[in-house]
Every structure is written in structure tokens, then in C-alpha cells.
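Asker:
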Amino acid sequence: MAVAGAAASIFAGSRIAESFVAAPGALARPVALRGSGVAPAAADPAGASNMGAFAVAAALGGAAAFGAAAARSRASGRQAKTAARYTTQVILPSLAWIRTGLKKADIDPCGLKAVTLAGNDVLVGRTEAGKLFTVGNLCPHIGTPMSEGADVIGDVIVCPLHGSSFKVTTGELLDWCVSPPIIGPLTGLLIEKKNMLIFECRESGIFGGGDIEVLVDTNAKKAYEADYWKGLLDAQGKDDGSFY
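Just so you know, we're using our numbering here: the sequence shown kicks off at 160 and counts up by one.
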């Protein structure tokens, strides 16, 4: 664009220069303006050439200024596009015991309570034998909330949507998308089989009996979002052809 602008300016300057010509008999007759139809009373024979040189110089100066402005604009755009590099930082885990506000007595055997702790969706429950457990509230299949109708059978929790079942003590997958017939197994083929996320839990107090506490990664949400934005930036790429 800068080159085209410079060329146009030089062309315009040359046209201006051509409009000033010397009349025949340079010493005897003054300079005439082409197309004016009127000859001036007197003029310097070198005036035409000086005026043409001035017009060309002005055109070259304008072209140079235009090119510098275009370069600054491109540099400014490149800096604005690559200013979000901080989103690619590595987020390290930060584990902490966080209270749920629940006590063991608040949950019946085979009962479930959902809580959100530092951005983590946690499901607090008790087995048929009354043992406390804490697992991820979202089913590994398609993220169905287990708190919305999941069954606890012994020490196994069963997803209410497609019947996937997991051990609440280890998170081990036992069955994957077994219901409803045909549809359930078909949906299971689309998603990789995964174990359930589990959390460590304990009762506060010297002798227990206090609030249930869960060990969670307080940076889990930040780490997830960093990976998400990094993916968007990678898809965009940089001005120079490389990636974030």
C-alpha cells in the first residue's frame, strides 16, 4: 500500500512539473503556463525547471511520510495481537483442606449432597454401611450431575442418565453406559471410558464429628481456563506465522 501511494505521489508531481514549460526562445520570451492561454509579462528561464524540481521533492517527501505511518500502524497491530501471552502460563496445583459446611449426621446412608469448593464440583455422600466419601459431581461420560438422581448401592454410585457405575472409594469404572438399551451403549462409543474423580475427605475436630473437609486443588479452575484460552490463541496464531 505504501509503495502504491508513493508511486501515485511521484506521478502527480511529474504531472505538475510538466505543466510548466519554457516558451520558444528561452532568453527572448518568458515562461508560459501550458493550457492557460495567457503568457506572463516576464519570467526567469530557470523558473520552470526549479518549480518542477520542487514539486517532485514534495511528492517524494509525502510518499516517505505515508510509508512511515503505514509501518507504525503495522507494528502497533502486531503488538496488540500478541499481548495475551500470559494466558499460556503453567498453573501448578495448590491443595488445601476446605470445609463443606456439612456434618456426617447431615447425610443419611446412601445419601448425597453437592457442594462447590474453590471451583470444584464435589459430591459428598455415604455408602450403605455409612462410610463417608467424596467424588466428582459430574459423570465422566458427558458431565451429568450425579446429585440429580444417582443411586448409591453398597459402595458403588450409578449415573442416573446412562447407568455408568463407579466405585466411590477408588473411582474405578465398573460399567459404562449400559442404559437405556441400544441408545446408552451407542452414546458410550462416542466418549472415551474414564474413571470417576475422587477426593480425600475427613471430619474436622480432634475426635472427629465436626464439619466434613475435602482436599481440593484451589487452582483447578484457573488451570482449566488457562488451557482453554491457550487453545484459542493457538488457533489464532501470531502475525509472524508462529504460535503461542
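Backbone N, C-alpha and C fix where the C-beta goes; we use that ideal spot for every residue, glycine too.
For V337, write down the residues that DSSP places opposite it in a beta bridge.
Answerer: None; V337 has no bridge partner.
Asker: Run the CB neighbour count on L251, radius 10 Å, all protein chains shown included, and call it buried at 16 or more, exposed below.
Answerer: With fewer than 16 other Cβ atoms within 10 Å, it is exposed.
Asker: Judging by CA-CA distance, which residue of A379, Y383, A385 is the nearest neighbour of A277?
Answerer: Residue A379 is the option with its Cα nearest to A277.
Asker: Over what stretch of residues does the alpha helix (DSSP H) that includes G347 continue unbroken?
Answerer: Where G347 is concerned, the enclosing alpha helix (DSSP H) stretches over 342-349.
Asker: Provide the residue span of the beta strand (DSSP E) that contains V281, from first to last.
Answerer: Note, V281: beta strand (DSSP E), 279-285.
Asker: A255 lies in the beta strand (DSSP E); which residues open and close that run?
Answerer: A255 -> beta strand (DSSP E) spans 254-262.
Asker: Given a threshold of 16 other Cβ atoms within 10 Å of its Cβ, counted over all protein chains shown, does I357 qualify as buried or as exposed?
Answerer: Buried, by the Cβ-count rule.
Asker: Name the two residues that bound the continuous beta strand (DSSP E) containing G295.
Answerer: Start and end: 291-295.
Asker: Looking only at its own chain, which residues have a Cβ that is under 6 Å from the Cβ of C269, when we skip the five neighbours before and after it?
Answerer: For C269, where only same-chain residues beyond five positions count, the Cβ hits under 6 Å are E287, V311.
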